[in-house]
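Residue numbers (the numbering used here), protein chains in the order written: chain A, 20 to 463; chain B, 20 to 463; chain C, 20 to 463; chain D, 20 to 463.
Laid out in structure tokens, this is it:
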């Protein structure tokens, strides 16, 4: 039986919605899970999830210039499976107190990696039994699982894209096992993040051979999934660089190019992390928006980065303009299907108190809840939308506009039309007005 | 008849190959056009081209903070068609003296834009007659033509992606005309650069509708080309931003994603400019390399940028490591088919003397010529190549490697193999050694 | 007499404070000029100013890839002095309708540059007579004047830092004249922005000689000012690059280093522009904050940039977190002394309607007004401040802390203390909590 | 006695200068230590040093996404002082075989940190005895020592700039001890690198108080140094960010501003690392150049970064243009006084073989040796120099130029001169020519 009788955050009760409370860091000001917004409870629009790694494993606050800092008394002297179970107990108490209904993990976040594949698999079996028990007890479910193909030194030159067949096969063993345990736990998505799938130097790299290898692995996984009757949605998570100089899944559209090139486009969607998007040189919501437009937004790893820093900081998302933009996209696509809003965030290295974990998540949940409220109001009132519709109106009202969009016009017809109409009117883009109106919704 | 009897650079003779001369800026130290390298004359490997705009039109050295600076006496008080012809005379003298056999232009670089489409078309007819005459006289040919859909205020909100059907059709008129005149002049490529095809703000933009529009224009152009029996290769030139905040053709792979998405992949190749590649966050040769690997490297707009500056500087390429890397890729793919190495470079705003135009091009041509010599030596001796082959050897020698690459293996087989083999060997990536060997080739 | 009888924005009345109005772009929601906040009227805290160049001269929306776009019927066919006066009339109507009480200019924004220095000076005399008249009529005053040492081709290689003595002297003539007319108009500050004072390439540059030249110019200006009894505060405006690759006044602290190095520190303060600050790799408010801390914040060129773009976009500041942070710093230093909040902003190239000029400024003024309200509330309630005070408390309460701060402690004493006290406590930095509290102030 | 009888790289002999050898990674092609160049042996111009941390301690190849990878059999099961001594033995063998005569360390690179200050100091005493012995045996000397105030969790909120007095004092204890041991070992410099001296968030930071604290520490150190009669030159090493979001010693000039502000300018010089310089947005050699011009270039931490990556990669410097530029600056200032060229470089995480340590250093040494040869040739022939002199000639030949430089001219005099002379000549900056000539020196 689980140790769930033991309480690890005894001073913290379930976080409640208290819109009027002030100066109380341990309540929600905006997030009211069951309140219905545009026909759905907030919690369904938001589908918050917590990642296991940053919050319960991670490097303990280590960075390239410093040792671990976090103080986690609950770990005591535990090791191996016992430590893994302890972390799970803590995590489920944490999820429950926050009112979070989903979580995510890498294989060796939740279970210790063994000396051999068999030992690792055995550890995963033991731990997933335990997780299944916790899931049933709490009704907290698995949003997605993924394999860690980047931390172990064996993957230093790549997992699926390694120059050595043997490493590739080792990766296959992890992927297969994650598919199996994900199915066992009812995970609705399976994520692939290629942190070492890329190059450090073009001098020693066969770019295309490596991409061919990666495609072959995906094809085998698709085939295995079909044979097993598994249903979790495959998701690729783009990132342009870090740890590798250049990662093949650079951003959303680069990943779509790959999926098209290798005829895998029907089998994958994307898991987008805004902090990765900004590292690729795009606005934070760009990839979420593009993925959504092309029917490929599977899930979101929600966080924020510091655009002035050249690495992934995985900060808690605290910017209202950004959370509102994300929620507007989600409202437009009718919400998530298989995915959710996973907080792939970590408390700062200096935020060493366990309560900081709560504060970070509460702040971010409230920021997204307020973003949902703002986005819903914008959508209901439709002011910005109607400005945009007006802007593109000729494509609806002009018969040639419709004909072009339907693929029924010829170049000659367009040219004749241009000659007949003469110089077009210069129409203001009115960016300042859009920003003013947006600000009125955001800030009152 | 052309004014080609008049000489505009009377103090400058044909630039000769003088490998031993020192302190003479007006000769080539490395470029010997007819010297055969790996079975082809240097000039065929390199296929140098000069762009008409930076060197004979441009903004005269204007930048966002300053007025034109260049001193071009040859323009005198000429205007309109007369000025256009004068520039062409100067250009062909310049090409001839440099020994450059190709050139490129935007429609309204070579001919003045008229008040109406008809007037513009008429100007283009007059000027292309003149160009055809010059081409025959000099045996200098058109590498590519393109339409300028970004300078005129009518395109401020986009050309193909404009919210107004009428502007779209105006763009169609330019595209059609460029197809016609390019065919007339025997241009082997037709370039599309979408400087205003993108967004300044997501607030006022329908991203997907705009991309749909762009795809429709391309489909009509493909159809028109087929009907007319034209043969110029269509090329898209990616750029991530500038002038627009985000351009839809962000980089090579984003453009490929678009072409796949809209089923246009068979009709287009890419024209890659390294300065655009670095603006997108990639190494200078990344997009050239990726395009080549996937059979999509049509042509190169050769120049260099300053990675510390966030805008396109179009400097002359003066870095040997980079020119060698580009030439290695070209050697690997057997050279250009329809495209060439177009110098999309401009002299610095402060380089106001006409002779600076020669110096910039000579420096860059010599840099590429030396890059070709270095790349050829590397290829002949094969040291780096054999190191790479060795690195990936298991994919050739291990039967499972071959099976995976042929798409005949299953996930289970790979897993079995991994279990049987146990922990893989950690093999050094040897980046420092690759760099040392590369440096020995580059610097002796 | 001035033409001020003519109205150029007949459809726009004076912009009023209407906090409850909705969907009315031409009113203030937050800016109520005479409302007293923390003991001063809003307009005194904010001291809004409009720059003459972006709004009444500028490049008309031209960018490096496109021609002017703006439609300014008021310019008609006017030229020279007549055009200059017309723009002034328009500007003062604009300032008046916005309720803006300060403006700024470069010498050749307001008056046409002549063929000779004498002619230029004469034009400036005529125009400043006219400006003086307008100032008296409207009670709108000059915040600062500056000389344009970057647009004219003569300055392509630098103004004060030019390799040619003659150009340096030409710059001196402009500086002297601006000192004279600024004094005549009662301008309270004189700004120096060194857009061409830097290098494009280290290869052709004597860095230190150029900085020596710049220092000599400043010393002569300080001396001239003293001799003339002028009182305008000298301000240097840092910018890291653009148009030049590297500008000597890179950022606030680099400029302070220069002022110290050349013993000019007592004669200058800084004019900080956040868009320049982000181009230098710092947070938007970093340089404002640093300048304020060291008593050097003279004035602010308020705008915002797009951190993903590598050039100065001079957007209107629309982000509440940023305006609140700026106003918090100003509250802390007790407001401006000689300077103000100058909108160095331009409407987007696509925002071609004259009304867009109003919308941009109103949106930005409201954003700053709301920022002031938020900052004042934060300051009054003191929650964040008290958290910070608590954090540094040991420096007040521990006797050794005070001793160290007073410069009375020795290294040995500190070491003894460290040994005696043993391992320090690890205290959480609580960044997430600070962000949560800040967000509660910003967004409710 | 030392264990130096044991050999750790038995397969590697002393690296020899073999300019003609090809395909031999374990020899120098360009570095010939005793060869005299411009009056000094190469080894004196270059003063190569190896840093202890990256090569003998470091994180073993760990990065934020991966575990250690390096295979260092020599560490066996050793721990504590024994491990420390073993690493020293290996290091001195390594230095000797490379012919490197200087090394550098952080306190807890060479000795294990103890549980208490006293224990740490004791460890340092034991180890420095051992180091002294090795130094005498090998005639390899200490270039500089520094204290690590960034790795231990106690410093997570800063060392000298910590909000807690107690942590500040702990830092003092480390600084004092490093001063003592550095003196004992004859180290000629003492470096301060403020990796945690900065801010993660302005919200919780008192910027000026923290800088005041830092200045106080430096003053106490200066005072202690004087009292003890120590002579090592104090050096500050700027870095803009990483690990901290913003570090107070952002770049060379920011650091100089600080030193001026707190009247410490006479007591410090700078230790410049080009990889930090590029992170601050400058060209790789910018800070070296600026520091040298203002008499503040104490030492160089030589390495290179990838400008496209936003973090410090500490790659071996392999670019000839850069090494030549650095050596040109050093030739100009007559070489190092107290400092040297320390390789603050690490082999890539994937370069796991011990021999890769040799290859990286040999490649970099050869690159610098060739850079020295090129720079010396440039200096001897003086072509570039004479072009620059010509460019600034009017400042020497025009009497007013000299008068201005001597501080004897007035603004009025300059204005009169400008009026008398009229419009200046526009002189080409000739950047392309400078680049061409530079390339002829670099590449032949």
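Cβ coordinates follow ideal geometry from the N, Cα and C atoms, glycine included.
Item to check | Endpoints, the alpha helix (DSSP H) within which residue 344 (chain D) is located | outcome: The residue labelled residue 344 (chain D) in the question sits at position 325 within the fourth chain. Counting along the chain, the alpha helix (DSSP H) containing residue 344 (chain D) begins and ends at 339-351.
Checklist entry - First and last residue of the alpha helix (DSSP H) that includes residue 209 (chain A)? => result Within the first chain, the letter at position 190 stands for residue 209 (chain A). Premise fails: residue 209 (chain A) lies in the beta strand (DSSP E), 208-212, not in any alpha helix (DSSP H).
Checklist entry - Nearest to residue 320 (chain B) by alpha carbon, out of B:334, B:423, B:328, B:56? => result On the second chain, residue 320 (chain B) is found 301 positions in, with the first residue counted as 1. Among B:334, B:423, B:328, B:56, the Cα nearest to that of residue 320 (chain B) belongs to B:334.
Item to check | Residue-level contact to chain D via CB, residue 328 (chain A), 8 Å cutoff | outcome: The count along the first chain starts at 1 and reaches residue 328 (chain A) at position 309. For residue 328 (chain A), the answer is yes, since a Cβ of chain D falls inside 8 Å of its Cβ.
Item to check | residue 330 (chain D) (DSSP reduced to helix, strand or coil) | outcome: What you label residue 330 (chain D) is simply residue 311 of the fourth chain in a count that begins at 1. The answer is coil: DSSP assigns residue 330 (chain D) none of H, G, I, E or B.
Item to check | Rounded distance between the beta-carbons of residue 461 (chain A) and residue 323 (chain A), thought under 8 Å | outcome: The residue you call residue 323 (chain A) lines up with position 304 of the first chain. The residue you call residue 461 (chain A) lines up with position 442 of the first chain. No, residue 323 (chain A) and residue 461 (chain A) are not in contact; Cβ-Cβ is about 16 Å, not under 8 Å.
Checklist entry - At a cut of 8 Å, does the stretch 337-352 of chain C reach the stretch 80-98 of chain C through at least three beta carbon pairs? => result no
Item to check | Test: residue 460 (chain D) CB closer than 8 Å to a CB of chain F | outcome: Within the model displayed, chain F is absent; protein chains A, B, C and D are what it includes.
Checklist entry - Around the Cβ of residue 41 (chain B), are there at least 16 other Cβ atoms within 10 angstroms (buried) or fewer (exposed)? => result Position 22 of the second chain holds residue 41 (chain B). Note on residue 41 (chain B): under 16 other CB atoms within 10 angstroms of its CB, so exposed under the neighbour-count rule.
Next on the checklist: Could you tell me the alpha carbon to alpha carbon distance between residue 210 (chain C) and residue 28 (chain B), rounded to whole angstroms?
Outcome noted: Position 191 of the third chain, counted from the first residue, corresponds to residue 210 (chain C). Position 9 of the second chain, counted from the first residue, corresponds to residue 28 (chain B). Rounded to the nearest angstrom, the two C-alpha atoms are 44 Å apart.
Checklist entry - Would you call the stretch 440-455 of chain D and the stretch 378-387 of chain B touching, i.e. three or more CB-CB distances under 8 Å? => result yes
Next on the checklist: Taking the straight line between their C-alpha atoms, what separation do you get for residue 310 (chain D) and residue 269 (chain C)?
Outcome noted: Position 291 of the fourth chain, counted from the first residue, corresponds to residue 310 (chain D). Position 250 of the third chain, counted from the first residue, corresponds to residue 269 (chain C). Rounded to whole angstroms, residue 310 (chain D) to residue 269 (chain C) spans 15 Å at the Cα level.
Next on the checklist: Considering just the uninterrupted stretch of the alpha helix (DSSP H) at residue 294 (chain D), what are its terminal residues?
Outcome noted: Counted from its first residue, the fourth chain places residue 294 (chain D) at position 275. Looking at the DSSP string, the run of the alpha helix (DSSP H) that includes residue 294 (chain D) is 293-298.
Checklist entry - For residue 316 (chain A), which beta-bridge partners are listed by DSSP? => result Counting from 1 along the first chain, the entry for residue 316 (chain A) is found at position 297. Residue 316 (chain A) is bridged to A:289.
Checklist entry - Do residue 167 (chain D) and residue 100 (chain D) have their CB atoms nearer than 8 Å? => result On the fourth chain, residue 167 (chain D) is found 148 positions in, with the first residue counted as 1. On the fourth chain, residue 100 (chain D) is found 81 positions in, with the first residue counted as 1. Contact: no.
Checklist entry - Rounded to the nearest angstrom, how far is the Cβ of residue 14 (chain D) from that of residue 243 (chain D), given a contact under 8 Å? => result What is shown of chain D runs 20 to 463, which leaves residue 14 (chain D) out entirely.
Next on the checklist: Please return the same chain residues whose Cβ sits closer than 8 Å to the Cβ of residue 151 (chain A), not counting the five positions on each side in sequence.
Outcome noted: As a position in the first chain, residue 151 (chain A) is number 132, starting the count at 1. Within the same chain, and ignoring the five residues on either side of residue 151 (chain A) in sequence, the residues whose Cβ sits closer than 8 Å to its Cβ are 203, 204.
Checklist entry - Quick one: any contact between the stretch 245-260 of chain C and the stretch 254-268 of chain D, if contact means 3 or more CB pairs under 8 Å? => result no
Item to check | beta strand (DSSP E) segments (min. 3 residues) lying fully within the stretch 163-215 of chain B | outcome: 208-212
Checklist entry - residue 124 (chain A) to residue 332 (chain C), Cα distance in whole Å? => result Within the first chain, the letter at position 105 stands for residue 124 (chain A). Within the third chain, the letter at position 313 stands for residue 332 (chain C). Roughly 42 Å between the two C-alpha positions.
Item to check | Top-ranked residue by Cα proximity to residue 430 (chain A), from B:426, B:330, B:245, B:347 | outcome: Here residue 430 (chain A) refers to the residue found at position 411 when the first chain is read from its first residue. Taking only the C-alpha atoms, the option nearest residue 430 (chain A) is B:245.
Checklist entry - Closer than 8 Å, CB to CB, is residue 86 (chain D) near chain A or not? => result Locating residue 86 (chain D) in the fourth chain gives position 67, where the first residue counts as 1. For residue 86 (chain D), at least one C-beta of chain A is nearer than 8 Å to its own C-beta.
Item to check | Span separating the alpha-carbon of residue 356 (chain C) from that of residue 312 (chain C) | outcome: In the third chain, counting from the first residue as 1, residue 356 (chain C) sits at position 337. In the third chain, counting from the first residue as 1, residue 312 (chain C) sits at position 293. Approximately 15 Å, taken between the alpha carbons.
Item to check | chain D contacts made by the stretch 132-151 of chain A, where a contact means CB separation under 7 Å | outcome: none
Item to check | Buried/exposed call for residue 439 (chain A), threshold 16 Cβ in 10 Å | outcome: Against the first chain, residue 439 (chain A) aligns to sequence position 420. Residue 439 (chain A) is classed as exposed because its beta carbon has fewer than 16 other beta carbons within 10 Å across all chains shown.
Checklist entry - In chain order, which continuous runs of the alpha helix (DSSP H) of length 4 or greater are located wholly inside the stretch 353-424 of chain A? => result Qualifying alpha helix (DSSP H) stretches, in chain order: 373-400, 402-410, 413-416, 418-424.
Checklist entry - Grouping DSSP H, G and I as helix and E and B as strand, with all else coil, what is residue 453 (chain D)? => result On the fourth chain, residue 453 (chain D) is found 434 positions in, with the first residue counted as 1. Helix.
Checklist entry - Should residue 434 (chain C) go down as buried or exposed, given a rule of 16 or more other Cβ atoms within 10 Å for buried? => result The sequence position of residue 434 (chain C) within the third chain is 415, counting from 1. Looking at its Cβ environment, which holds 16 or more other Cβ atoms inside 10 Å, residue 434 (chain C) is buried.
Item to check | The beta strand (DSSP E) enclosing residue 436 (chain D), as first and last residue numbers | outcome: Here residue 436 (chain D) refers to the residue found at position 417 of the fourth chain. Element bounds for residue 436 (chain D): not the beta strand (DSSP E) but the alpha helix (DSSP H), 430-440.
Next on the checklist: Taking CB distances under 8 Å as the criterion, tell me whether residue 373 (chain D) reaches chain A.
Outcome noted: By 1-based counting over the fourth chain, the position of residue 373 (chain D) is 354. It does not: the Cβ of residue 373 (chain D) has no partner Cβ on chain A nearer than 8 Å.
Next on the checklist: Please identify, using Cβ separations under 7 Å, the residues of the stretch 170-192 of chain B that lie next to chain C, in order along the chain.
Outcome noted: 170, 171, 172, 175, 176
Next on the checklist: Given this structure, state the Cα-to-Cα distance separating residue 456 (chain A) from residue 364 (chain C), to the nearest angstrom.
Outcome noted: To locate residue 456 (chain A), count along the first chain from 1; it is residue 437. To locate residue 364 (chain C), count along the third chain from 1; it is residue 345. In a straight line, the C-alpha of residue 456 (chain A) is about 19 Å away from that of residue 364 (chain C).
Next on the checklist: Taking only three categories from DSSP, how would you classify residue 153 (chain C)?
Outcome noted: Translated into positions along the third chain, residue 153 (chain C) becomes position 134. When DSSP states are grouped into helix, strand and coil, residue 153 (chain C) belongs to the helix group.
Checklist entry - To which residues does DSSP link residue 46 (chain C) through a beta bridge? => result Here the question's residue 46 (chain C) lines up with position 27 in the third chain. According to DSSP, residue 46 (chain C) bridges with C:35.
Item to check | 6 Å Cβ shell around residue 20 (chain C) - same chain, five flanking residues per side excluded | outcome: Working through the third chain from its first residue, we reach residue 20 (chain C) at position 1. Because residue 20 (chain C) carries a pLDDT of 42, less than 50, the predicted location of this residue cannot be relied on, and the following value inherits that uncertainty. There are no such residues.
Checklist entry - Ordered along the chain, which non-local residues of its own chain (more than five positions away) have a Cβ less than 7 Å from that of residue 208 (chain C)? => result If you number the third chain from 1, residue 208 (chain C) lands on position 189. If we look at residue 208 (chain C) and ignore the five residues flanking it on each side, its Cβ neighbours are 162, 163, 251, 252, 254, 317, 318, 357, 358.
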